[in-house]
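*Asks:*
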Amino acid sequence: MLFIGIFGIKETEEELRKIDFDCTGCLSKEMDLYIFRKVLEIFFIPVITLKKMHVLLCPNCRSSYKLKESKMDEILIKGKSSYDDVEKIIKEY
11 MLFIGIFGIK ETEEELRKID FDCTGCLSKE MDLYIFRKVL EIFFIPVITL KKMHVLLCPN
71 CRSSYKLKES KMDEILIKGK SSYDDVEKII KEY
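Per this note's numbering, the sequence shown runs over residues 11 to 103.
See below:
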């Protein structure tokens with residue numbers, strides 16, 4: 011966390027759920043869905059979310075895929091994702 015005076019920027023990560031997705035690195039069928047946030051805080055109270063990113067992370071090979079924000083509601087409801095939902099491959103093994 012970067013803290014200057016009364017303002018600070020905090021980075022958080024939260025595991026949301028398991029998602030059905032075929033990993034291209036190890037061909038695993040199940041991935042972990044995480045949300046990464048960068049938040050502006052005043053006196054340690056979150057005020058504004060500056061950046062938000064949903065990422066699929068393979069628990070076996072640690073490959074990671076950034077998902078399109080426009081598809082997140084559908085992914086969270088169905089518990090499934092496809093390659094069309096991937097915006098960017100962050101790391102692939």
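In this text, a Cβ means the ideal position worked out from N, Cα and C, and glycines have one as well.
Bear in mind that the values here come from a model prediction, so they are computed numbers and not experimental data.
Considering just the uninterrupted stretch of the alpha helix (DSSP H) at Ile87, what are its terminal residues?
*Replies:* Counted from its first residue, the sequence shown places residue 87 at position 77. Taken as a continuous stretch (DSSP letters only), the alpha helix (DSSP H) holding Ile87 covers 82-88.
*Asks:* Hey, which unbroken runs of the alpha helix (DSSP H) at 4 residues or more fall wholly within the segment 28-102?
*Replies:* 82-88, all fully within the segment 28-102.
*Asks:* Taking the C-alpha atoms as reference points, what is the distance between Arg118 and Pro56?
*Replies:* Past the edges of the chain, shown from 11 to 103, lies residue 118, and the structure says nothing about it.
*Asks:* Could you round the C-beta distance between Ile29 and Leu60 to whole angstroms and report it? I think they count as a contact, below 8 Å.
*Replies:* One-based indexing of the sequence shown puts residue 29 at position 19. One-based indexing of the sequence shown puts residue 60 at position 50. Not a contact, Cβ separation roughly 25 Å.
*Asks:* For Asn70 and Ser38, which I take to be in contact (beta-carbon distance under 8 Å), what is that distance rounded to the nearest angstrom?
*Replies:* Your numbering for residue 70 matches position 60 in the sequence shown. Your numbering for residue 38 matches position 28 in the sequence shown. Sure, about 5 Å apart at Cβ, within 8 Å.
*Asks:* For Glu25, collect the residues of the same chain with a Cβ closer than 8 Å to its Cβ; drop the 5 residues on either side in sequence, then sort them by chain order.
*Replies:* For the purposes of this step, residue 25 is identified with residue 15 of the sequence shown, where counting begins at 1. Result list for Glu25: Asp42, Leu43, Tyr44, in chain order.
*Asks:* If we ignore side chains and look at the alpha-carbon of each, how far apart do Gly89 and Gly35 end up?
*Replies:* Here residue 89 is taken as the residue at index 79 of the sequence shown, counted from 1. Here residue 35 is taken as the residue at index 25 of the sequence shown, counted from 1. One C-alpha to the other measures close to 20 Å.
*Asks:* Is Ile16 helix, strand or coil by DSSP?
*Replies:* Walking along the sequence shown from the start, residue 16 turns up at place 6. In the structure shown, Ile16 sits in coil (DSSP, three-state: anything other than H, G, I, E or B).
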